[in-house]
Amino acid sequence: MERYKNLGRDSRVHYYQIEDTSIEVKFDSSKPYTYSYKKAGKSHVENMKTLATKGSGLTSYINKYVKNLYD
């Protein structure tokens, strides 16, 4: 997994792993959550991949759009 940059210094995301059709996100003291095209939708997963790589905005995006749409 890649370490999340956390540029805003207030994210609960610590690590992420990008796959072709999904992204796995590990929050502080939790098991990893997988967000897939099948469950969260392609556009959301692709947006999350972009935010993860950027290192900013991922927690806010998850809370707003896909909070319970993990596999």
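The numbering of the sequence shown is my numbering, which starts it at 121 and goes up by one. Note that the Cβ used here is the ideal one computed from N, Cα and C, for glycine as well.
Is it buried or exposed, residue i, if we count other Cβ atoms within 10 angstroms and call 16 or more buried?
i: M168; result: buried
i: L127; result: exposed
Between the C-alpha atoms of residue i and residue j, what's the straight-line distance to the nearest angstrom?
i: S64; j: T141; result: Summary: the structure shown does not reach residue 64, with the chain confined to residues 121 through 191, and so no result is reported for it.
i: S180; j: K159; result: 19 Å
i: K174; j: D130; result: 15 Å
i: L178; j: L171; result: 5 Å
Closest to residue i by C-alpha separation, out of the options, would be which residue?
i: H164; options: H134, R132, E144 and K125; result: E144
i: K162; options: Y124, V186, Y153 and V133; result: V186
i: I182; options: R132, K125, S150 and I138; result: R132
i: S149; options: H134, E139 and I138; result: H134
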